[in-house]
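So for the sequence shown, UniProt numbering puts the first residue at 1; every next one is plus one.
The beta carbon of each residue, even a glycine, is placed where N, CA and C say it ideally should be.
Only one structure is covered here, and it is reproduced in the block below.
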Amino acid sequence: MGIQLEPITANDTVTMTGMYHSAFAGLYEKYHDDATNPFKETPQSILTKINTDTHHYYFININQKRVGLIGLIQTESAQITRISPLLILPQYEGHHFAQATLNALPDFFPTITQLEVDTILQEAKLVHLYEKCGFERIPNKKIQLQSNMTLIFLRKSL
Numbered sequence: 001m002g003i004q005l006e007p008i009t010a011n012d013t014v015t016m017t018g019m020y021h022s023a024f025a026g027l028y029e030k031y032h033d034d035a036t037n038p039f040k041e042t043p044q045s046i047l048t049k050i051n052t053d054t055h056h057y058y059f060i061n062i063n064q065k066r067v068g069l070i071g072l073i074q075t076e077s078a079q080i081t082r083i084s085p086l087l088i089l090p091q092y093e094g095h096h097f098a099q100a101t102l103n104a105l106p107d108f109f110p111t112i113t114q115l116e117v118d119t120i121l122q123e124a125k126l127v128h129l130y131e132k133c134g135f136e137r138i139p140n141k142k143i144q145l146q147s148n149m150t151l152i153f154l155r156k157s158l
């Protein structure tokens, strides 16, 4: 599988916004989470993040086809990186592109020693994805955003 990560620039904010809306609409409809769901991002809020030195965004291209995007946020040490967000467009879900991207990150970024991510506990397929890729839950670290929605945090040492 030919994975390529294409850096996203300020010129890509409208494209990113459309991808966020497409990929996260289902979760937004299910949870109506206005505080944390990327579905609620605007081109301006995305531009602000793109222009932040510690935030790096990449289109995920598989065999020259744009299938999703990933955001990587560097911590102060730059060796620990937080994934936020990882999205695969709905028409490309089920092809293991997210798994392939997560597994390829060490090849693209060899100086990263640890990855961290949060996901919704109630979304079994998302939890399964990260655990299948070697992420482990951080004990006692979770946030209940709603009665039916809890964020859990996972990490993977590389």
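Original post:
If you run the structure through DSSP and keep just helix, strand and coil, what is I112?
Top reply: The answer is coil: DSSP assigns I112 none of H, G, I, E or B.
Subject >> T9 (DSSP reduced to helix, strand or coil) >> reply: coil
Original post:
Can at least three beta-carbon pairs, one atom from the region 92-105 and one from the region 124-138, be found at a separation below 8 Å?
Top reply: yes
**OP:** Please name the residue, chosen from T111, A10 and L121, that lies closest to F59 on a Cα-to-Cα basis.
**Re:** The shortest Cα separation from F59 among T111, A10 and L121 belongs to A10.
Subject >> Cα-Cα separation between K65 and F109, rounded to whole angstroms >> reply: 21 Å
Subject >> Validate contact between the region 66-80 and the region 3-21 using beta carbons, cut 8 Å, 3 pairs >> reply: yes
Original post:
Which residues bound the beta strand (DSSP E) around T48?
Top reply: Counting along the chain, T48 falls outside any beta strand (DSSP E), though it belongs to the alpha helix (DSSP H) covering P43 to I50.
Original post:
Cα separation between V147 and K30?
Top reply: It should be noted that the sequence gives Ser, not Val, for residue 147. Between S147 and K30, the C-alpha separation is close to 13 Å.
Original post:
In whole angstroms, what is the alpha-carbon distance linking L27 and N37?
Top reply: 8 Å
**OP:** Return the first residue and the last residue of the beta strand (DSSP E) that E136 is part of.
**Re:** E136 to Q146
Original post:
How big is the Cα-Cα spacing for N51 and Q4?
Top reply: 22 Å
Subject >> Close Cβ partners of L81 (< 6 Å) along its chain, the five nearest in sequence each way excluded >> reply: In the sequence under discussion, the amino acid at residue 81 is Thr, which differs from the Leu named in the question. Excluding residues within five positions, the ones whose Cβ falls inside 6 Å are L72, Q74, I112 and L115.
Original post:
When you compare only the Cα positions, how much space is there between A98 and P43?
Top reply: 24 Å
Original post:
Thinking C-alpha only, which one of M1, G2 and F24 is nearest Q91?
Top reply: Taking each of M1, G2 and F24 in turn and checking the Cα distance to Q91, the smallest one comes out for F24.
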